[in-house]
Amino acid sequence: MNTIYMHCYLIGGLIDPVMVEHRIDGMTYTSLTYDCVYVSLSVLLLALIHRWWATTQAGGRRPPSPMSFPIVGNLFAIPPGLEHIAYMKLAGDIISLKLFGYDFIVLNSFRAAADMLDKRSMSGAEQVKFDCRLDWSSNSALLRYGDLWRSHRRMMNNWLNARAVIQFHPIQEQHIQPLLRRLACIVDDPHPFEKIKDSLFTNTASSMLQLAYGYTLQGDDDLVFRGLRQSSEHLIVAGMFTSKLLGCRLGSTPTQKISGKGPRTGGGN
């Protein structure tokens, strides 16, 4: 610093030594700040790479996988387009994929699917555990494998086997006529998709509610029907992969109790 003061004095005092000292101190502080930022980013990057490497190695032996990158996994290795067509372009009957920390096993052929889901079904019978806002713990589709699941399976087989479902044919015939009338009204519609989807959903919901609970739908604005539709939409959205990144929520619609005793259930909720 003495050298700087002397140099400033020799050039005629045009530069204030105090100003030079403050400028040098500021440059030093800025340089240290950038160094700290670079070091922090480097440490963070190394930690992410180490975590990604440790995660890929911890799972043991896995099926072949396309090119993978840190954090996003195999996202950029999946061809665009429909899923079943995209997976056909990936070689192998069984493929391992990792997307944003989630592991997926793709059964990419009929032979692999039959071998895994039929011949080895017991090893994969355990249901995935969902984080739900609603108490759907007794829902047959979401039950974990065990005694209760086997009990539900026996009951469903008794009610829905090939001979038992014959008794439901009159209900189905009763609901097919309103569906045909709905479809006939939208034959000339230039954009019929949404109306067709709504008609099919309404017909299916009406049949199922009468079949399971003995409840007759009171039109499209029926309170039970609206709750059923909203719950179904939330369930579909919650089952998507992207919903897991934000936390799975099956919906905020409370379960409805239908008054009266259903013909097959002895009273339903």
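Counting in the working numbering, the sequence shown runs from 186 upward without gaps. Note that CB positions come from ideal geometry on N, CA and C, so glycine has one too.
Would you kindly work out how many angstroms separate the C-alpha atoms of residue i and residue j, rounded to a whole number?
{"i": "Val-224", "j": "Leu-231", "result": "11 Å"}
{"i": "Leu-345", "j": "Thr-389", "result": "16 Å"}
{"i": "Asn-293", "j": "Gly-331", "result": "29 Å"}
{"i": "Ala-397", "j": "Phe-410", "result": "14 Å"}
{"i": "Ser-322", "j": "Arg-329", "result": "9 Å"}
{"i": "His-183", "j": "Ser-325", "result": "With the chain covering only 186 through 454, there is no way to say anything about residue 183."}
{"i": "Pro-363", "j": "Asp-373", "result": "18 Å"}
{"i": "Pro-355", "j": "Gly-399", "result": "13 Å"}
{"i": "Leu-302", "j": "Leu-333", "result": "21 Å"}
{"i": "Thr-387", "j": "Leu-365", "result": "12 Å"}
{"i": "Ile-421", "j": "Leu-226", "result": "39 Å"}
{"i": "Ala-347", "j": "Ala-297", "result": "28 Å"}
{"i": "Asn-343", "j": "Ala-349", "result": "7 Å"}
{"i": "Phe-261", "j": "Met-252", "result": "8 Å"}
{"i": "Met-341", "j": "Glu-358", "result": "22 Å"}
{"i": "Arg-367", "j": "Phe-285", "result": "44 Å"}
By alpha-carbon positions, which one of the options ends up nearest to residue i?
{"i": "Asp-406", "options": "Asn-293, Gln-415 and Tyr-398", "result": "Gln-415"}
{"i": "Lys-274", "options": "Asp-303, Asp-220, Gly-399 and Val-291", "result": "Val-291"}
{"i": "Asn-259", "options": "Asp-288, Asp-278, Met-393 and Leu-365", "result": "Asp-288"}
{"i": "Ile-279", "options": "Ser-250, Pro-264 and Phe-285", "result": "Ser-250"}
{"i": "Gln-352", "options": "Gln-395, Leu-368 and Cys-221", "result": "Gln-395"}
{"i": "Lys-283", "options": "Val-257, Ser-392 and Pro-264", "result": "Val-257"}
{"i": "Met-393", "options": "Gly-404, Leu-368, Arg-339 and His-360", "result": "His-360"}
Got a sec? Which residues, its chain only, sit under 8 Å from residue i by beta carbon, not counting five neighbours each side?
{"i": "Ile-371", "result": "Pro-377, Lys-380, Ile-381 and Ser-384"}
{"i": "Pro-375", "result": "none"}
Near residue i, which residues of its chain fall below 6 Å by C-beta distance, leaving aside the five closest residues on each side in sequence?
{"i": "Arg-247", "result": "Ser-281"}
{"i": "Val-228", "result": "none"}
My understanding is that residue i touches residue j, with C-beta atoms under 8 Å, so please give their C-beta distance in whole angstroms.
{"i": "Ser-391", "j": "Leu-408", "result": "The Cβ separation is near 14 Å, so there is no contact."}
message = Which runs of the alpha helix (DSSP H) at least 4 residues long sit entirely within the segment 245-304? Give them in chain order.
response = If we require 4 residues or more, the alpha helix (DSSP H) runs fully inside the segment 245-304 come out as 268-273 and 295-299.
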